[in-house]
Amino acid sequence: MNVTTAIQAATRAFAIGGPILELDSISLRFGGVKALTNISFNICEHEIRAIIGPNGAGKSSMINVINGIYTPQEGEVRFRGERLGAMTPQRAARMGISRTFQNIALFKRMSVLDNIMAGRTLQTRATFLDVAFRTPRSRREELESREKAEEIIEFLEIEDVRKTQVAKLPYGLQKRVELGRALAAEPKLLLLDEPMAGMNVEEKQDMCRFILDVNENYGTTIVLIEHDMGVVMDISDRVVVLDYGKKIGDGPPEEVKRNQEVIDAYLGVAH
Amino acid sequence: MQSVGTGATTGARRSAPRGEALPQHAAGSGETFARLLRSNASRLADRPAYREKHRGIWRTTTWRALARDVDILAAALAGRGLKRGDHVAFLGENRPRLYAGVAAAHALGAVAMPLFPDATGPEIAPMLRLAGVTHAFVEDQEQVDKLLAILPECPALRCIVYDRERSMRPYRNPELVSYAALVEEGRAAAERSGDLVSRAIEAGDGGDAAFVFLNSGASGASHAAVLSHGGLIARARAAAAAERLSPADSTIAYLPPGWMGQAIFAYAQPMAVGYCVCCPESSETLLSDMREIAPTCFLTTPRMLDTIFSQVALRMEAAGGVNLALFNRAVALARRLGRRRLAGEPVGAAERMSAALYDAVVYGPLRDALGMSRVKVAYTSGDAVDPSILAFFRALGVNLKQLYGTTESGFLVAIQRDGAVRPDTVGAPLDGVETRISPDGEILVRAEGLFLGYLGDGDGRSVDAEGWLRTGDLGSLGADGQLRVADRAGDIGVLACGAAFAPRPIENRIKASPYVREAVVVGDGRDGVIALIDVNTTSVGRWADTHEIAFSGHRDLAGQDRVYDLVAGVLADINAELARDPATAPCVVRRFALLPEELSADDGVLTRTGKIRRTVFAQRFAPLIEAAYAGRSSASLAAREAEGSMAAGVDEVKIRDAALAPADRRAA
Amino acid sequence: MIDTVELLFFLEVLIGGLLAGVMYSLVALGFVLIYKASRVFNFAQGAMVFFAVLSFVGFMELGLPFWAAFLVTVALMILVGMTTERLVLRQLVNQSDQTLLMATIGLAFVFEGMGQLIWGVEVRRLDLGIPDVPLEWVLDSTGMFISALDISAGVVAAVMVTVLAILFSKTKIGLGLRAVADGHAAAMSIGIPLKSIWMIVWATAGVVALVAGMMWGARNGVQFALVWLALKAWPVLIIGGFTSVPGVIVAGLMVGAIEKVAEVYIGPAFGGGIEGWAPYMMAVVFLMFRPEGLFGERMIRRV
Amino acid sequence: MIYRQAGQFRTSYAADSRAIPFREDRVALALILIAAYFVIPFTASDYWLSVILVPWLALSLVATGQNILMGYAGQHSLGSAGFMAVGAFACYNLMLRIDGMPFLVALILSGVIAALVGVVFGLPSLRVRGIYLAVATLAAQFFIVWVIDKFGWFTNYDTSGIITTQRMEIFGYRFTTPAEQYLIVLGIVTALTWLADNMARGRTGRNWMAVRDMDVAAEVMGLSLLRTKLQAFAISSFYCGVGGALFAYAFLRSVEPTAFDIYLSFRVMFMAIIGGLATTIGPFLGAAFILLMPVFLNTTFQGLFGAAVDATIISALEQVIFGVAIILFMIFEPLGLARLLQIAQDRLRQWPFKY
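In the order they appear, the protein sequences are chains A, B, C and D.
Each residue of the first sequence is one higher than the last, beginning at 2 in the working numbering.
Each residue of the second sequence is one higher than the last, beginning at 5 in the working numbering.
Each residue of the third sequence is one higher than the last, beginning at 34 in the working numbering.
Each residue of the fourth sequence is one higher than the last, beginning at 88 in the working numbering.
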């Protein structure tokens, strides 16, 4: 039975708004190697934007440019209209950009709860003296962090492992915890670097559901990197396709799917 | 269709009108749940009524807060058109908010209809239509979707209250309102309407219908039985008095609220006694939540006990060494002492001392690990329990008892009393309950608190003119006043050789093995008994891992020869036991097969409480049963449709002969 | 217009420093071997030096002639190296750096204790037959005091370093070692068992320790203080890079030269003793500006 | 077996994040503290108080500092004895040069001074980690001791090399007997341990551990690596400084640069690691192990061989056994004594199950 027909009205809780992040003619080189060449695209508020491309297309470099780990040699990045000269990871975080990593970068020896609470470092102000002497400020912030973390734990359905050390969790759950840590910072823009890499079908479905739910419940703008086209096409609003550091496609999934250059790139036709 | 539904609803309402001249009504005390709540709020005030583990910690709702919330909810529901005699459906897990909704419905004189949260839309649609349900409390988006999908079939349903807001943002249906929003509405409504709720509570009568429960339908289709406030309260009180329960007690609620037993122990009895109900965080955290909360009384099912017992056995096996040796000695001693105490034989000082020692070293820590260290009383109900499992928990010092009752008879009919917990009886009838055995061996019950009737079927009450209810269970009443239940009247059979055949005791023995999840034995009118067994994937999987057997899932595991060997060993021991008693000797299991798929309630083979529907089972597995009796060594079975769009395949299921004696004896 | 005498004095200090530096290099080389092969930072290298030379002297005292004592000690050190690898390091495969470091510190305690237990605790003289006196022809021609012992030690160390360099670049063992340094899987693929490589490396480190110990022992006496040599080798390693043979050779020379020069020219202003910490400060400065070491490669940050 | 966990449920986040989650452990700690404050001072011999317990407490505090840096923040350091020396000499000079300086204030200030020095020597941590950092901190160790030794001002131009410390006086009361000194050390160690535990379990500790476990991710969350690492160095050095001052004032009763040699740094590192990194109890267990093991071996050998064997041989034998013990620890339980304790507790909690 098709349930959606019974649901009246808008299917989107947050309507897609104007561009929140604009990338203008970005080029990035490592020594003589060109990682990205003259790439421009934008990301609109509340949308799910995918960056896809075969391995080595420069997808991760793209995300690293957005959150300031790499500084491009040419081009500029504007976040909410503000030009970002030298973006640093810290600055990006302060502006509301969170991310996950392709190879899980969790705090391995900490518990799930601590990982997620650690994600709120910018939302807390207590100094080490506050913490040491358990001042009211420290206690209040600790409580807020815990409440927020618990909300995320419930959201991601990981109640039964909240006090488990993350290193002991299976891969799929670790990916989920990493998403949780990124959410803890209450980001405006969430960068997900291959959130479904190495997962089985069931885990991928779960992850898709969580990504959609994040977008739907919090209105978070999401940039998603994947090399597996299938999943991405189902959940993203617009897709950028990279190949050898160049942009070869940009648009809604159906349109990109029909793009000859994209098809060639994925089928490995010689350039 | 719609007119039929409405008509049926009206009929149902008429079947249980206030003040109808029924004997049990005449004795009604006039107490209602709404009035109990008010009195609890002033009497118990800041004592906990409900605790719920939510987001990592236990959140408490006191009786005072509960009463306040219920008043607000009731005002809001009244504002949304809920009237006396309307029906309200509940679809969700045990949550304080769900029970607050029940209480709010009761305050307005409406009837609560808790449903099984995992029931499918098509399963519940006829019930909603039959009762003419107007309002529903549901847990989350999943349940909302379920109801929205059947909305066209249930025109009376006009208000759906959902608890969790997650992913509900895009929904714009006018029927929907969140629990939080409803509370807001209620605050405003309460100011406007003044003492509307109080007046509604005063207008309530003990004889009013309080709940509609679906009976298990183990013997066929489910019926919706109506039960009254007064009847439920009287029974709850009688049972509480027998156990001396008080407001200081607490229970844990983890069974589906749609099951009458859970509704009684998570709502009716707490209301009547004032003890606290604790709701676990999720089914995954149940055991650890149970350990944290350590309830003093709780209701469980043989299936749950089975699971816990298997887990204990496996974990002890894994511990091995001294731990296992101590454990085995301790349990053996406790069983021995238990038998002697029951038989009234004296227990020596030396044995009493070693029991005390074992209590410090084994029983106590185990009770603690299981969260049963504070249990005053635990009931198992819903089905017969394997005597050895009952004895095991009692050996640990957990006061586990059997409780007998059916939906129609008000659930609380007989309970075992302290000092008289015999494995073969279900105890003595409660105060105010009369039992009798009909000439054809069926148990009859007469008491206050029998059901008022089935919804939509006014004549379907199996209560005779003198007020005796036919329970449908065969049994006997001993001179000691103890009630014994044989089996469902329809299940007892006769083998082709003429020997009597009761399937459930045999099944329970097979299920007591940690490797078996479910077992069904067939034999009525046949040459000997065969067993169809659903293996426990978790424990057999672990066993396979330690024996370096590769497998890819349940289907694969259940098809492995070595797993057949494993189960054959289990059956050999049981057969040896059966063969020892001349009465059961003809019932030894001759052949068996392992089922390729886990039995599930979704395809109707099990009821929602996990009981076997034998007729459905027999149909589903007919080819296998026939092949077994035909002496073939395998059978083809249409595989259940896999999730998704995969085409249904065919399973080739092996059938084996069971050994009639234990393996070691065979070897010798 | 630098005074010739001062220049000569400076040269004398510098050469003294360089010669001391060669011996730092020699100890550091032992570290590098083991580090390259197994990523173990062998804190016990210093203790091995002490144990080796103590045993050598001990055998001589038992009446063995020089060469016999030398060969016996070589055999002993090979045995000790291999045993250590087998009993300790192989049990610790895949443990964290800090666990490995701690274990080798424990090892250092064992070596030091064993040495003293077997051979006693008193300070001994080691006579290699080379007098610790200034070379007369150097003194005559230039006026510089340069010890014959120092020169011989320098020569021996240089020979040793060369031999090792050849051994590890031209032979199959060397190939294996490099493969191990590149990753264990690669080593497996060229058909050299990892475990034999580890054993060879530990045995070699034992022999290197003996040679280094003999040089230092002849100069400063065979005593417990030799253990602290190991610590001096640390800054050498930092500056040279943990995996670079030429790196530690150059770094050893640098550290030796600079600490001596600094001690002689700057030291007096502070009452001396700069030698004690100057190499470490050098290492710190180096770390701040070139953390990858002299010949190391700069790492690109991968995310 | 002893634990009765059932029924211990939490109704607030504060209760859920207590330092010691189980009632039985809290009772045990309370009993230990009662014994430490009210029984031991009156029953233990002067030898035990001043030769075993006082240095144990002082070194536990230093090891706690080492643990903050190495265990929580993941920064290797071999400079703890240097920072102890800073603390000890700072305290001495503060008391000497400022009239009427109260001991407690001097103690805290000497910790602060050690913290400042620690920040300076922590700077290399921004570029390097692991063994490299350990070598860089060795520079601190050697340099600090050299500076104190060579510049007479620090030792008040005393030529004997051993300077007697001033008296410990708090609110006019002079702590002179071993029991009194033990109590003052105990009080300070208890308080500072409580503070360290609060930090470790709170936001501060999470930041440290984030940097330890995955610095890139920590940075991406907006955490400043610079501030976090230097903070860890400062706090760690504070603990080393205060511990060093207590070590000098209550145990050595003198300040001398040679007491704070590299060997002490190593011993402190052993304490932190063998005790169990990133635990609060670890440094105490580790310090007890490292301090008591030689005492134990010594008494055992004295008992076994008496005076028949040379003392130096016995000390060499001790060294071997000590080394073997460390190696065995690293092979069989690299996570230290705290982990063993944890396993034992888990077993008791799960009993009669194993897992």
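Every residue, glycine too, gets a C-beta built ideally from N, C-alpha and C.
- The beta carbon of Arg91(D) sits closer than 7 Å to some beta carbon of chain B.
- In the structure shown, the three-state DSSP call for Gly289(C) is helix.
- Val241(A) has Ile52(A) and Asp251(A) as its beta-bridge partners, per DSSP.
- The Cβ atoms of Gln228(D) and Ile377(D) lie no closer than 7 Å to each other.
- For the pair Leu416(B) and Ala214(B), the CB atoms are not nearer than the 7 Å cut-off.
- Cys283(B) is classed as buried because its beta carbon has at least 16 other beta carbons within 10 Å across all chains shown.
- Think of a sphere of 8 Å around the beta carbon of Arg319(B): the chain D residues whose beta carbon falls inside it are Phe440, Lys441 and Tyr442, in chain order.
- When the alpha-carbon of Glu267(D) is set against those of Asn294(D), Ala175(D), Pro128(D) and Thr367(D), the nearest one is in Pro128(D).
- Here Met117(B) is bridged, per DSSP, to Ala93(B).
- For Ala229(B), the secondary structure class from DSSP, reduced to helix, strand or coil, is strand.
- Taking a Cβ-Cβ threshold of 8 Å, the residues of chain B close to Phe156(A) are Arg170, in chain order.
- The beta-carbon of Ala304(D) is placed less than 7 Å from the nearest beta-carbon of chain A.
- At a cut-off of 7 Å between beta carbons, Tyr100(D) contacts chain A.
- Taking C-beta atoms as the reference points, Val222(D) and Ile271(C) count as a pair closer than 7 Å.
- A direct Cα-to-Cα measurement between Gly148(C) and Ala85(C) gives close to 8 Å.
- For the region 215-238 of chain A, the beta-carbon criterion of a distance under 8 Å to any beta-carbon of chain B is satisfied by Glu217 and Asn218.
- When the alpha-carbon of Asn98(B) is set against those of Met131(B), Ser377(B), Leu394(B) and Ala270(B), the nearest one is in Ala270(B).
- Cys280(B) sits away from Ser314(B), with the two beta carbons spaced by 7 Å or more.
- As DSSP reads the structure, Asn43(A) sits in a beta bridge with Glu23(A).
- Using a Cβ-Cβ cut-off of 7 Å, Met308(D) counts as an interface residue toward chain A, since at least one Cβ of chain A sits closer than that to its own.
- By the 16-neighbour rule on beta-carbons within 10 angstroms, Pro518(B) is buried.
- Per DSSP, Ser311(D) is not a residue of any beta strand (DSSP E), being assigned neither H nor E.
- The alpha helix (DSSP H) runs lying completely inside the region 228-299 of chain B and spanning 4 residues or more are 233-247, 264-267, 273-277 and 290-297, given in chain order.
- In the three-state reduction of the DSSP assignment, Val141(D) falls in the helix class.
- Between Ala297(D) and chain A, the shortest Cβ-Cβ separation is below 7 Å.
- Those residues of the region 280-291 of chain B placed with their C-beta closer than 7 Å to a C-beta in chain A are Glu285, Ser286, Glu288 and Thr289, ordered along the chain.
- When secondary structure is reduced to three states using DSSP, Val148(B) falls in the helix class.
- Counted as a single uninterrupted DSSP element, the beta strand (DSSP E) harbouring Gln406(B) occupies residues Leu404 to Tyr408.
- Scanning Gly331(D), Ala297(D) and Glu343(D) for the CA closest to the CA of Ser247(D) turns up Glu343(D).
- Between Val260(C) and Gly285(C) a beta carbon distance of about 18 Å is seen, past the 8 Å cut, so the two are scored as non-contacting.
- When DSSP reads this structure, Arg121(A) sits in no beta bridge, so it has no partner.
- Cβ-Cβ distances below 7 Å link Ser543(B) to Ser314, Leu318, Pro518 and Tyr519 in the same chain, with the five nearest sequence neighbours on each side left out; the list follows chain order.
- For Ser146(A), the enclosing alpha helix (DSSP H) begins and ends at Pro137 to Phe156.
- The Cβ-Cβ distance between Gly220(A) and Phe15(A) falls below 7 Å.
- Here the alpha carbons of Leu225(D) and Leu264(C) stand approximately 9 Å from one another.
- In this structure, DSSP gives Gly479(B) an extended state, which the three-state scheme calls strand.
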